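Notes to accompany the following structure.
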Amino acid sequence: MQRNKVGVKRILLLTIVAAFLIFAFAACTAPAAAPAAQDQGTAAEPAAAPAEVKMLELYHDKASWADNTDIMGQAAAEAIGVGFASVPFPDTTTYQSTVRAALGTDKAPDMFTWWSGYRMEDIVNSGGAEDLSAIWDKYLASGEYTPGIASAYTFDGKVYAVPFNVAYWVVYYNKSLFEENGLQPPTTWDEFMALNDTLLEKGVTPLAMTLDGRWPTFIIFEEMILRTAGPDFYDKLMSGEAKYTDPEVVKAMEVWKGMIEKGYFTDPGISFGTGDNAMLPLFQNGQVAMIPIGDWYSATLTGAGMEPGVDYGAFIMPNENPDLPAALFFETGPLLVSANGPNKEDAIKIADWWMSEPAQKEWSSLMGFTSPNAKAETVNPVSSEVVQWIGDNEAIAVQRYWEATPPDIVETAVDEFARFMLNPDQYMEVLNSIQQKADSVWADR
Amino acid sequence: MNTETETAVIYRQSPAKLHSFRNWVEPYLYLFPAVLFVGVFLLYPAVYTFYISFTKWDGLNPPQFIGLQNYFQIVKEPVFQTSLRNTLIWVVATLLFPVMLGLMLAVFVNRIPLQGFYKSVFYLPYAISATSGAVIWGFMLSPVGVVNAFLREVGLGGLARSWLIIPPWNTIVMLIAFTWQTTGTNMILFLVGLQSIPTDPIEAAKLDGANAFQIFRHITLPLLKPITTVVITLAVVNSFKVFDLIWVMTQGGPYRSSETLAVTMYRESFVQFRLGFGASIASLLSIIVILFSVVYLRSIFRQES
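In the order they appear, the protein sequences are chains A and B.
Residue numbers for the first sequence follow my numbering, so the first one is 78 and each next one is one higher.
Residue numbers for the second sequence follow my numbering, so the first one is 8 and each next one is one higher.
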């Protein structure tokens with residue numbers, strides 16, 4: 078009996094130790110990044126591909142784009158013999174932390190999406206991104222791309238990414254609501270103000286504005302600067318040559334404050350596009366008439382059953398100062414190749430293919446995006462009209478606020494803009510606070 | 008023959024030595040997995056975090072040693088004062104609501120029939136993850152959510168508001184959500200304590216004419232002291248590190264008005280990528296929690312001895 082007890086104890090002990098060692102071994106040998114994606118519960122199964130085709134991994138934080146990204150990965154496999162599968166992360170913070178931690182190691186993702194401009198700067202400075210200038214040289218020479226987009230990824234004369242997407246910032250409007258009420262998209266600031274007044278009289282909130290998710294607070298700010306002070310001043314403000322306390326910015330804030338006080342905007346607690354989307358049904362039902370946002374939002378609108386050109390249209394917010402040139406904001410999401418990635422050469426091949434006309438046609442068709450490749454036509458009629466407007470007005474495309482100035486300033490500013498939305502009278506305190514941060518950031522650089 | 012004797016001697020000594028060795032090593036083998044787990048997943052990260060708190064690190068480039076600069080910076084940052092104030096509000100409110108309410112519910116449930124049913128009802132919110140609970144509350148409290156709809160329906164539309172973006176309402180409603188979720192656990196712990204109290208002193212007090220409040224105040228509450236100590240310690244430690252509910256409901260906003268130290272630490276580390284600065288907040292938070300625990304538990308033990 079005693080021998081049996083000892084035997085059982087020994088077996089139990091050995092089992093525990095063995096189980097622990099197996100667990101520890103598995104933990105030590107598992108790939109560093111893949112479990113992080115699986116923990117999020119959304120890591121896509123690699124797209125089916127012929128057995129002999131090499132499939133790379135593309136990390137991104139756009140979970141709702143994962144299926145279409147996998148279709149592109151499959152198309153790449155068929156076109157150039159190297160494909161890719163997406164590894165989507167539903168949470169941006171987790172995504173950024175994972176990629177940053179992996180970039181300096183041999184577990185770096187083959188390819189990954191990021192944010193352009195100043196948001197990309199530290200990735201490039203750390204040596205984590207591969208120089209893709211040679212690909213750009215080829216496509217710039219063929220005339221398929223313009224240098225403007227490359228500038229968003231250029232550091233010390235080298236281009237470190239290809240465009241995963243390019244979006245123009247527009248004002249989406251409920252077309253059915255406009256037609257029912259005999260309203261037209263405005264072409265001047267006065268028309269814009271009159272439109273807002275008319276909508277208010279009809280019991281419709283003219284414009285969506287939210288602080289949900291933090292970042293959307295810059296949307297109206299950047300529009301106000303561009304419409305009242307113009308693209309040249311905006312560029313100076315972004316590069317630290319102008320101050321947030323300058324009269325131009327003060328005027329922009331006063332115009333914004335006046336619009337808030339007139340009741341042109343929704344309750345800023347109503348979200349759109351980040352987390353839940355309480356704004357969308359209000360827009361669909363005609364309770365909110367217009368949403369200023371990037372044209373990537375068309376995927377959300379069409380996903381909700383709204384037909385482009387029929388249920389919704391888009392216009393560019395008119396200039397408050399009629400002497401200013403036509404301008405609009407653009408945003409571009411870069412696709413980078415890891416300098417330390419295990420399949421760097423194949424990833425560069427994919428980046429090259431991604432910029433080509435067939436790939437861009439396919440991607441634009443899948444997502445309804447405006448393609449930066451001049452040969453790839455834009456399928457979405459609303460986006461086509463925007464491209465037409467840019468050409469007709471020789472409009473200047475300006476990089477949006479999020480990437481156009483150092484992140485430390487932006488992070489402070491988006492919180493301060495939220496303070497302003499809730500307390501419009503505090504606009505000078507808000508501007509002083511942002512300028513204080515800007516002073517310290519520019520002094521450190 | 009001689010060889011056989013030697014062999015026999017060795018044969019007799021060997022099991023004794025082996026047995027003694029096994030007795031000595033066996034407890035350590037049982038402990039080994041737990042010690043390794045705690046070492047790898049708790050002690051090492053804690054020590055490394057403390058080291059990182061003396062550096063400037065963005066997670067991409069190697070950390071640069073900057074001495075106590077992060078700790079001096081904490082004092083200068085206005086957001087730290089807001090976070091510290093909010094954290095103290097959370098600590099006090101956690102003691103006032105989830106703990107006191109848990110005790111009241113335990114006393115109530117302990118006296119009524121269908122105890123199992125009520126225990127399940129009050130404990131159920133704790134079975135929902137904090138994140139899911141926060142999402143549900145977020146929907147309910149949105150400007151177009153059910154709370155405002157209800158207020159308008161009953162003619163109290165004037166009270167409807169954007170609960171999550173107006174300070175201090177955002178902190179108040181998050182505390183309500185936290186109370187909803189955590190009171191049940193405290194109730195269960197207090198119930199365990201109540202049911203382990205001997206009935207003799209209570210019956211003696213009743214015979215002496217003590218009323219229900221006097222019995223509770225002078226007999227039940229003192230006898231509950233061990234479990235009360237556990238509940239208060241857990242509640243305070245949890246309130247210091249509350250993160251998920253706040254992050255999901257407000258992300259510490261608007262304009263960082265509802266951040267606690269744990270949220271500020273996360274935000275500085277993983278949104279702003281000031282990992283050294285975030286580590287200094289984490290270290291400070293750990294020191295505060297450890298200090299509280301040591302001081303509180305010592306005073307309790309001193310009283311008991």
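Backbone N, C-alpha and C fix where the C-beta goes; we use that ideal spot for every residue, glycine too.
Only a predicted model underlies this, so the values are computations on that prediction, with no experimental measurement involved.
Cross-strand partners of residue i (DSSP beta bridge)
i: Met188 (chain A); result: A:Leu135, A:Val414
i: Leu284 (chain A); result: A:Phe342, A:Met367
i: Phe72 (chain B); result: B:Thr62
i: Gly160 (chain A); result: A:Met132
i: Pro70 (chain A); result: Since the first residue shown for chain A is 78 and the last is 522, residue 70 (chain A) is missing from the structure and cannot be characterised.
i: Pro175 (chain B); result: Paired residue(s): none; Pro175 (chain B) is not in a bridge.
i: Pro385 (chain A); result: A:Tyr389
Residue i vs residue j beta-carbon contact at 8 angstroms
i: Tyr389 (chain A); j: Asn251 (chain A); result: yes
i: Val270 (chain B); j: Phe250 (chain B); result: yes
i: Asn193 (chain B); j: Val238 (chain B); result: yes
i: Ser415 (chain A); j: Leu180 (chain A); result: yes
i: Ala244 (chain A); j: Glu408 (chain A); result: yes
i: Gly346 (chain A); j: Ser264 (chain B); result: no
i: Gly194 (chain A); j: Ala515 (chain A); result: no
i: Asn420 (chain A); j: Asp187 (chain A); result: yes
i: Val180 (chain B); j: Leu148 (chain B); result: yes
i: Ser348 (chain A); j: Gly290 (chain A); result: yes
i: Val463 (chain A); j: Val164 (chain A); result: no
i: Thr282 (chain A); j: Thr379 (chain A); result: no
i: Ile467 (chain A); j: Leu401 (chain A); result: no
- Query: Between the region 58 to 77 of chain B and chain A, which residues of the former have a C-beta closer than 8 angstroms to a C-beta of the latter?
  - Reply: Asp65, Gly66, Leu67, Asn68
- Query: Residue ranges of each beta strand (DSSP E) run of no fewer than 3 residues wholly in the region 176 to 223 of chain A, ordered along the chain?
  - Reply: 188 to 190
- According to a CB-to-CB cut-off of less than 8 angstroms, which residues of the region 237 to 268 of chain B neighbour chain A? Gln258, Gly260, Pro261, Tyr262, Arg263
- Message: Taking 8 angstroms as the cut-off, does the region 303 to 311 of chain A touch the region 468 to 482 of chain A (at least 3 CB pairs, one atom from each stretch)?
- Response: yes
- Task: Write down every uninterrupted run of the alpha helix (DSSP H) in the region 387 to 475 of chain A whose length is 4 residues or greater and which is fully enclosed by it, in chain order.
- Result: 421 to 432, 434 to 444, 458 to 470
- Task: For the region 187 to 203 of chain A, enumerate the residues whose C-beta is nearer than 9 angstroms to any C-beta of chain B, in chain order.
- Result: Asp199, Ile200, Asn202, Ser203
- Message: Please list, in chain order, the residues of the region 21 to 35 of chain B that have any C-beta partner in chain A closer than 8 angstroms.
- Response: Glu33
- Query: Name the residues in the region 216 to 240 of chain A whose C-beta lies less than 8 angstroms from a C-beta of chain B; which are they?
  - Reply: none
- Task: Taking only runs that begin and end inside the region 229 to 317 of chain A, name each unbroken alpha helix (DSSP H) of 4 or more residues, in chain order.
- Result: 252 to 257, 266 to 278, 295 to 305, 307 to 316
- Query: Can you find at least 3 beta carbon pairs, one from the region 89 to 98 of chain B and one from the region 254 to 272 of chain B, that sit closer than 8 angstroms?
  - Reply: yes
- Message: Any contact between the region 377 to 392 of chain A and the region 224 to 241 of chain A? By contact I mean 3 or more CB pairs, one from each, below 8 angstroms.
- Response: no
- Query: What residues in the region 277 to 294 of chain B bring their beta carbon closer than 8 angstroms to a beta carbon of chain A?
  - Reply: Phe277, Val278, Gln279, Phe280
- Interface residues of the region 323 to 349 of chain A facing chain B [CB-CB below 7 angstroms]: Asp344, Pro345, Gly346, Ile347
- Query: What residues in the region 265 to 287 of chain A bring their beta carbon closer than 9 angstroms to a beta carbon of chain B?
  - Reply: none
- Message: With a threshold of 8 angstroms, are at least 3 pairs of Cβ atoms found where one atom belongs to the region 286 to 294 of chain B and the other to the region 136 to 148 of chain B?
- Response: no
- Going along the chain, which residues of the region 144 to 171 of chain A sit with their C-beta nearer than 7 angstroms to a C-beta in chain B? Thr170
- Item | chain B contacts made by the region 462 to 485 of chain A, where a contact means CB separation under 8 angstroms | Pro484, Asp485
- Item | Contiguous beta strand (DSSP E) assignments of at least 3 residues, all confined to the region 122 to 192 of chain B | none
- Query: Pairing CB atoms from the region 198 to 207 of chain B with CB atoms from the region 181 to 188 of chain B, are three or more of them under 8 angstroms?
  - Reply: no
- In the region 174 to 188 of chain A, which residues sit with their C-beta less than 9 angstroms from some C-beta in chain B, listed in chain order? Ser174, Arg177, Ala178, Leu180, Gly181
- Is the region 62 to 75 of chain B in contact with the region 188 to 206 of chain A, if contact means three or more CB pairs nearer than 8 angstroms? yes
- What runs of the alpha helix (DSSP H), each 4 residues or longer, lie entirely inside the region 83 to 117 of chain B? 85 to 101
- Message: Three or more C-beta pairs under 8 angstroms: does that hold for the region 159 to 169 of chain A against the region 129 to 145 of chain A?
- Response: yes
- Query: Would you call the region 420 to 430 of chain A and the region 204 to 219 of chain A in contact, with 3 or more CB pairs under 8 angstroms?
  - Reply: yes
- Item | Segment contact flag, the region 327 to 339 of chain A with the region 498 to 511 of chain A, C-beta cutoff 8 angstroms, min 3 pairs | yes
- Task: Report the residues of the region 171 to 182 of chain B with a CB closer than 8 angstroms to any CB of chain A, ordered along the chain.
- Result: Leu171, Ile172, Ile173
- Item | Inter-stretch contact at 8 angstroms, needing at least 3 Cβ pairs: the region 354 to 372 of chain A / the region 274 to 285 of chain A | yes
- Task: Residues of the region 196 to 216 of chain B with a CB closer than 7 angstroms to any CB of chain A: list them in chain order, please.
- Result: none
- Item | chain A contacts from the region 148 to 161 of chain B (Cβ-Cβ distance under 7 angstroms) | Ser149, Pro150, Val151
- contact_flag[the region 216 to 229 of chain A, the region 454 to 461 of chain A] where n(CB pairs < 8 angstroms) is 3 or more: no
- Decide if the region 429 to 443 of chain A is in contact with the region 143 to 153 of chain A; the criterion is three or more beta carbon pairs, one per stretch, under 8 angstroms apart. yes
- Let me know the beta strand (DSSP E) ranges lying completely inside the region 473 to 518 of chain A, each 3 residues or longer, listed in chain order. 473 to 476
- Is it true that the region 251 to 263 of chain A meets the region 217 to 224 of chain B, where meeting means three or more beta-carbon pairs spaced less than 8 angstroms apart? no
- Message: Closer than 7 angstroms between beta carbons: that is the criterion. Which residues of the region 487 to 510 of chain A meet it against chain B?
- Response: Glu488, Asp492, Glu493, Ala495, Arg496, Leu499
- Task: Report the residue ranges of all alpha helix (DSSP H) runs contained in full by the region 237 to 271 of chain B; include only those spanning at least 4 residues, in chain order.
- Result: 251 to 256
- Query: On the three-pair Cβ rule with 8 angstroms, is the region 476 to 489 of chain A touching the region 291 to 299 of chain A?
  - Reply: yes
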